[in-house]
Each structure stands twice: as structure tokens, then as C-alpha cells.
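Numbering (this note's numbering), first residue to last: 101 to 175.
Have a look at the structure below before the remarks.
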């Protein structure tokens, strides 16, 4: 009788472990999507700030001076 009880308990534990594993993987899949969404929003924000900085008058004139200086260099 004891052996049957032990076998039954092991089977129940295995099934419970499988169910817990499914729950954990299902709960984690939404987290990945949320992380991608936050990363995308952050990248868009960084891109907008970078665009504003690069297209500002001070940076544009500095870049233009650097390009002109590089093109005027003698070889």
C-alpha cells in the first residue's frame, strides 16, 4: 500500500511541476513584449533628441566647418 501511495504522490508532483512550468512561461511571455515596447519608445525618444541636436544651428555649422576643412586639406 505504501509503494502505491509513494508512486501516486510522485505522479502528482510531476504533474504539478509541469503545470507550474506552463504558468511561468505563459506569465513571462507578456513581459518580453512589454520590454520590447519600452525599448522601442526609448529608442524613438533618443532618436528625436539626437535629430534635434544634430539639426541645431550650432552643430550644423560645426559639422559644415569640419567637412570644409577636410575637403580643403592638401595631399
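Every residue gets a Cβ at the ideal spot worked out from N, C-alpha and C, and that includes glycine.
Since we're looking at a predicted model, the values are computed, not measured.
- The Cβ atoms of residue 159 and residue 167 do not sit closer than 8 angstroms to each other.
- In the three-state DSSP reduction, residue 155 falls in the coil class, being neither helix nor strand.
- In the displayed model, residue 121 falls within a helix according to three-state DSSP.
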